[in-house]
Structure formats: structure tokens, C-alpha cells
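Colleague: I'd like to ask you about the structure that follows.
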Amino acid sequence: MPSLKDIRGIRLHTISTSSSSNTYHTGKRFGFENCTTDYREVLNDKEINAAMILTPHSLHAKMVIEALKAEKQVFVEKPLCINEKELEEIMDAYQHQSLFLMVGYNRRFSPHSVKIANYLVNRQAPIVINYRINAGFVPADHWVHSEEEGGSRVIGEICHFVDMMQFLTKSNPVRVYGERISGNNKTTLNSDNLAITLKFEDGSVGNILYSASGDRAYSREQIEIFCEGSVIVSTDYRETNFITNGVKKRYKTFKQEIGYKEEMQHFYDVITEKSKPGITPQEIFLSTLTVFKINESLEKVTPIAITI
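Per the working numbering, the sequence shown starts with residue -16, numbered consecutively.
The following block contains the structure:
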């Protein structure tokens, strides 16, 4: 919300939450003109041309479909939805639309991600990506683990890292295989400790190591990329090193730059026709489908093809 508030030219028309007191105080804090507890008032208002959906995961699909039917440009926080049936319904609703649908994959908009993508733009060979996430423990009774509300951390978080691999390879995932640890207990959840391998159309391979068993004091995210005699290492969207022919070039930002403000600016620029979309519906639908296929692979213990 702070990143949205700072965009020059944007009009914050109406905010809706389920709590009247929360709606009022949040609306006042960020400068909304109106507040309501009925989100349908937002969708039915002809003055509003864009809807941002920042609700619990289980409500995303329903609200995205309703917003598209109301002819709103749509930004929805990840995940787009929590099961394949919902994905199919969204794809059907979007099929004949010229509206912009964007999911909150902020990492691809980070200055670090953009520099890496530009570095790789002229490559001729496939790349190997290792993406390690020291996710931190979340108790088993937390809503994010609920199939009905959160969908799981695979669905709610790993979609981020699939999208980053799509962004860096400029290619579609075609196959996935996943393994998880065995031995649930109070401090270790099988579903939160995974090794995932993705194959891409261009021949690239991406490995995602996602673990909730580490120490939060250690770095949360690190990306390693190997390509044509070069190595790129990016840590926590604070420091990125490019190593070629024994020479290291470093890009470092004063603070973590994970792409929030750039993502909000991009959404505004696209819906005001100042910029072309930097993410396509195909990428969004594929990254969403991929996390469902990851779960399928974990259950069946076999590689799963990814096709839309």
C-alpha cells in the first residue's frame, strides 16, 4: 500500500475490507476517498477502472473473475488462485478480455532482477539456475497451510520463484519434479522442505530448494546462475555479483530492493497506457499451473508435464 500511495497521478478512490473499523482507519491512513465493507461497491462503481485484490488466498479467484466481468484492470496478490479448477475458470473469464491482469510477482521488477536479465539477454546457451529459499518455520496450524484458505506454501510462495525463473530464462516451464523430506513433527513440516527441478522449453534447468528448517538469521534468498562461462550470484535482492573470466563485478543497493515500488509503478503505467505489459497472461497462468504440478509431483513421486 505505501508503494501504491507514492505513485504520482493515481487516485485512491475506494477501499474495502470486511471490518468497518479497519476499512476506515486504513482508508484514512493511505488517503482513500471512500471506504466500504462491500467489495461489490468497488466493482460496480463506473469511476473506478482498476481493482487491487489483497485478500486471503482463497478469495482471489472469485474476486478476480468478478473484477474482470466488471471490466476492471486487475492486480491480485499472489497466488492467482489455489487450485486448477479456479485457474480454468479465470482463464475462461479472461479469454476474450483486453484488460490487464497482473499478479504480485514483485521480484521480477527488482533492479537486481532487471540487471541479471539484461546480462543474460544475448546468451545462446541454456542456463542453470539454483534458487535457495531459507523460508523460516510457520506452525502447522497457520492458515497458510490450510487447503481451503491458504492453499499451502507451495502455492502461496513458490509461485514467486517459478515466475523469476520464467523471467530470467524468457522460456516456459514444460516439466517439473519435486521431492520433500519425510518425518513431520512440531518443528519440521514435510511440505515446507522441498527440492524442485524445472525444465524449460529452451533447455534451461531450474532448481528450487525451499526449506523452513533453517535459521532466520541467515540470508533468506540466494540465486545462482551458470551460463556460458559466467556465474551470477544474487543474495536477498541486496547484492548481485557477476563473475566472468575471473573478474567480479558487484551491484549493491543500500537496502533490499525486492521490486514492490517498481511493480506498482508498472501496473499504473500499463493501465494508463504509458508502458506495455512486462508480464503476459501466459506467464501468469503457467507459473500458477506449475505450482499445482509441483504438488502433483510430490504426491505421485514422478515428473509431471506442464501444458496449458
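Backbone N, C-alpha and C fix where the C-beta goes; we use that ideal spot for every residue, glycine too.
(1) Compare the C-alpha of I164 against each of P156, V230, I179 and name the closest.
(2) Mind checking whether S2 and D146 have CB atoms under 7 Å apart?
(3) So, for P264: in the same chain, excluding its five sequence neighbours on each side, which residues have a beta-carbon less than 7 Å away from its beta-carbon?
(4) Taking three-plus beta-carbon pairs below 8 Å as touching, is the segment 204 to 223 in contact with the segment 47 to 56?
(5) Write down every uninterrupted run of the beta strand (DSSP E) in the segment 130 to 199 whose length is 3 residues or greater and which is fully enclosed by it, in chain order.
(6) For Y88, name the three-state secondary structure that DSSP assigns.
(7) Does the distance from the CB of C142 to the CB of P62 come in under 7 Å?
(8) Within the present structure, is the beta-carbon of F13 separated from the nearest heavy atom of the ligand HEM by less than 6 Å?
(9) Looking at the unbroken alpha helix (DSSP H) that takes in S(-1), where does it start and where does it end?
(10) Just curious, the alpha helix (DSSP H) that M247 is in, first and last residue?
(11) Tell me which residue opens and which closes the alpha helix (DSSP H) that S310 is part of.
(12) For K29, count neighbouring C-beta atoms within 10 Å of its own C-beta (all shown protein chains included) and say buried if the count is 16 or more, exposed if not.
(13) Verify whether the separation of the beta carbon atoms of Y193 and L177 is less than 7 Å.
(14) Which one of C64, S81, V104, V137 has the shortest CA to CA distance from E279?
(15) Express the C-alpha separation of E184 and S135 in angstroms, rounding to a whole number.
Modeller: In short, the structure shows the following:
(1) I179
(2) No.
(3) Excluding positions up to five away in sequence, the list reads Y77, L84.
(4) Taking 8 Å as the limit for Cβ pairs, the verdict is that the segment 47 to 56 does not touch the segment 204 to 223.
(5) Taken in chain order, the whole beta strand (DSSP E) runs of length 3 or more contained in the segment 130 to 199 are 156 to 163, 176 to 183, 188 to 194.
(6) Coil, per DSSP.
(7) yes
(8) The ligand HEM is not part of this structure, which contains no ligands at all.
(9) Taken as a continuous stretch (DSSP letters only), S(-1) belongs to no alpha helix (DSSP H), being part of the beta strand (DSSP E) at -3 to -1.
(10) 243 to 254
(11) As displayed, the chain neither begins before -16 nor continues past 291, which places residue 310 out of reach and without an answer.
(12) exposed
(13) yes
(14) V137
(15) 27 Å
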